[in-house]
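To keep things clear, I will list the structure first and then write my remarks on it.
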């Protein structure tokens, strides 16, 4: 017998039929003798409805209009959390009922019942503690624990939520606290792919991926797992299996969904990955925008004058390139921000024009960021050079570069994004054979 | 300053605009310097949706079909309560947000946060205790307490609910515990009427009605207040004002909604009612059905043989009439049950035919129960006689009679229900002048 945590997202519990399908997956594990905790999200669409009501209640649009487009989301996060957490509450009770109807013992657990303690950062709270003694005792006695994901209880006895995608984090935290054998994240895809299969039909599912690579994949736009849940899994050594809830519950005759057995992608420590590629995946993101400041003074302190007001406005800057100054006096500065922040970023820089001192300011969203990711890079020189040459051969101009130990990202014209992804996917031997 | 409890039902909080209207009513009371607790139901339609999901999850219809029409609702009440209570949770958070958006201090309270303790009779739990110290302290400091009605917390730390219409009971219990000046029940009608205005256009709103009369009105089909809430109000001496949430929040210029001031109906102790009518209202119900057993033995013990199996099947019997035996050996027995229970009642009696011994069994739903209600009856003789004569004059045959200290009910052919109600309404001087 093993302790397992199973997590099902919104599309996997979208209606009662889908919840029945979830129950069939749970039944398979129970019949195999495993003690199960099941973490559920809200039924697809419910969270959006609840958030829309909250914004209507607060008069969000009216305030936005009044403040000239500036979003004033200063409503009470505690009330937001009370409203929005109800979605997971509903699913947890419904799944417990379906499990019971199939003859299993089951009960639902809300965040405050476990309790799963968080800090008071409502709407994006962090887990501070998790009591699992009673849960574990009941689970080992054969009762399935159905846990409302995404929610916890904050000091002051108020309901808190962990932010969008927070159910992944609930599941990983629970698996860590329980010392679970594995945390299975059931989703609407059957694993993590070498790249987006819609762009590269030859993309293939990875049997295993390291935490570090998964983190880079996630933050690069492969939206399978919430980034925080991967960080937590890495910290606590939780083995996470990303798999599909759309697989037949009997697994097409396969008895187990053991990692490497051909089902899902195991996110694990790199030591567990025997056959390592230099590059494991190609990620791309189109939601960044480029800002260029022309002819700013090339002297100490000017970068701070640009980036401090942006930080104060809570705008995250990603890639930064400063050209070599030709005359030693002026230079151009380019950086990227999230597309959603572009207008605000330009506004902030326009207001600070006199302090910074620049000739012109330009913004553009016609860019894409393409990244090659792999822990094997650490021990392989020349990956960047290979990558730049291959792109150059296709006539793709690189506007900016950023690198980490296990990642090389380039900023290119958005029109070439798919071509670049396909080129790199082939280059690093990822096309399925 | 007074402590007030305001309760708003599902149609009063049906969408965000309606919730804004509720907030305007609350603001009026806050501006008048009152400390307010507001109890809310789920948005209209939400509870039905949640119950439908629960029944689907449990496979209710499939089980019903399998068991030959017998409804097997043996699902886990604790999970039902976890799911269904979420409706009130949502409304409480939304109203708190709207109140905050209007500049008021407000917070939502779930049953488990107050806590409002109940027994473990999930789906229809009874309140066993209610802690109001923190609530009262915050209310007197000017914070509006927005309370999710209908729900509490049962031993074992599980969410419980109080049964349909339970938010009325939440509100009255809270008013009792707080020692509130008044409990205002805002609904979609502007008070309690002498009878159903759709049947008798001359029906008028009562300024005041006694608890006892209201109990009879409620159980007779005037569905304004949950019966349990009236019982509780009577026990604890809570003055309940039934009023309309559709009234303009500024009350059309009237400063206060004081009882007797022309707004709503105050449900109170009869001592508070100065001008008492002999009859205060005429109620009618069409949801009863008549069962007749022909030619049963006229001997001791036969009634027990009829009613014991019905009681075992959880079928409530209301009126009972046994004809005088003509030959001393056989008689006919007639009684009423809820229409919804008729088929089950007939089935039970068919199965028990050999033990009971009867010639024939008949069931009919073409009946109506019409009642005259008034505390004044206690001191007035001849009310029944007046009532029977008036009905006889109209050619209405009385099939059965039941009486209490303050009520006379007759069972008649359903076709004459409206005529009977109008006749009695005039007879007892209730037509509006």
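Chains as they are written, first to last, in my numbering: chain B, 202 to 634; chain S, 202 to 634. Glycine included, C-beta positions come from ideal geometry on N, C-alpha and C.
Beta-carbon spacing of residue i, residue j below 7 Å
i              : j              : result
residue 542(S) : residue 521(S) : no
residue 352(S) : residue 289(S) : yes
residue 441(B) : residue 386(B) : yes
residue 224(B) : residue 303(B) : yes
residue 252(S) : residue 307(S) : no
residue 577(S) : residue 477(S) : yes
residue 443(B) : residue 379(B) : no
residue 500(B) : residue 560(B) : no
residue 280(S) : residue 309(B) : yes
residue 613(S) : residue 482(S) : no
residue 202(S) : residue 234(S) : yes
residue 291(S) : residue 287(B) : yes
residue 182(B) : residue 568(B) : Only positions 202 to 634 of chain B appear in the structure, and residue 182(B) is not among them; the question remains open.
residue 255(B) : residue 362(B) : no
residue 204(B) : residue 381(B) : yes
residue 400(S) : residue 611(S) : no
residue 217(S) : residue 275(B) : no
residue 536(S) : residue 492(S) : yes
residue 236(S) : residue 341(S) : yes
residue 299(B) : residue 220(B) : yes
residue 427(B) : residue 366(B) : yes
residue 592(B) : residue 494(B) : no
residue 319(B) : residue 355(B) : yes
Contact belief for residue i with residue j at Cβ below 8 Å, rounded distance in angstroms
i              : j              : result
residue 331(S) : residue 317(S) : 5 Å
residue 626(B) : residue 466(B) : Not quite, the Cβ-Cβ distance comes to about 17 Å (not below 8 Å), so this is no contact.
residue 433(B) : residue 374(B) : 6 Å
residue 430(S) : residue 391(S) : At roughly 18 Å, the Cβ-Cβ gap does not stay under 8 Å, so residue 430(S) and residue 391(S) are not in contact.
residue 305(S) : residue 231(S) : 6 Å
residue 547(S) : residue 507(S) : Not a contact, Cβ separation roughly 12 Å.
residue 490(S) : residue 526(S) : Contact flag wrong, Cβ pair sits at about 25 Å.
residue 631(S) : residue 480(S) : 7 Å
residue 368(S) : residue 210(S) : 7 Å
residue 498(S) : residue 545(S) : Between residue 545(S) and residue 498(S) the Cβ distance is about 24 Å, and since that is not below 8 Å, they are no contact.
residue 511(B) : residue 518(B) : 6 Å
Proximal residues of chain B, C-beta to C-beta of residue i below 9 Å
i              : result
residue 334(S) : Chain B residues near residue 334(S): none, gap ~14 Å exceeds 9 Å.
residue 478(S) : In chain order: nothing, as chain B lies at least about 44 Å away.
residue 255(S) : 294, 295 and 298
Residue i classed as buried or exposed, judged by whether at least 16 other C-beta atoms fall within 10 angstroms
i              : result
residue 639(S) : The structure shown does not extend to residue 639(S), since chain S spans only 202 to 634, so no value can be given for it.
residue 580(S) : exposed
residue 590(B) : exposed
residue 208(B) : buried
residue 311(S) : buried
residue 180(B) : It is not possible to answer for residue 180(B), since the shown part of chain B is limited to 202 through 634.
residue 436(S) : exposed
residue 633(B) : exposed
residue 586(B) : exposed
residue 582(B) : exposed
residue 417(B) : buried
residue 277(S) : buried
residue 329(B) : exposed
residue 556(B) : exposed
Per-residue contacts from residue i into chain S (C-beta, under 7 Å)
i              : result
residue 587(B) : Within 7 Å Cβ-Cβ: nothing; residue 587(B) doesn't reach chain S, min ~54 Å.
residue 299(B) : 258
residue 287(B) : 287, 290 and 291
residue 217(B) : 254, 257 and 258
Neighbouring residues, chain S, relative to residue i (Cβ below 8 Å)
i              : result
residue 293(B) : 283
residue 251(B) : 291
Closer than 7 Å at the beta carbon, the chain B residues around residue i
i              : result
residue 220(S) : 258
residue 309(S) : 280 and 283
residue 314(S) : 358
Residues that residue i contacts on chain B, provided the C-beta gap is smaller than 8 Å
i              : result
residue 328(S) : The premise fails here: residue 328(S) is roughly 20 Å from chain B at the closest Cβ pair, so nothing lies under 8 Å.
residue 302(S) : 258, 259, 260 and 276
Whole beta strand (DSSP E) elements within the segment 210-292 of chain S, 3-residue minimum: 236-241
Residue ranges of each alpha helix (DSSP H) run of no fewer than 4 residues wholly in the segment 291-358 of chain B, ordered along the chain? 334-341
Ranges of the beta strand (DSSP E) found wholly within the segment 381-430 of chain B, counting only runs of at least 3: 383-388 and 409-411
Secondary structure, beta strand (DSSP E): runs of 3+ residues fully inside the segment 453-538 of chain S: 466-469, 482-486, 489-498 and 518-523
Where in the segment 576-608 of chain B do unbroken runs of the alpha helix (DSSP H), each at least 4 residues long, occur, reported from the N-terminal end onward? 584-594
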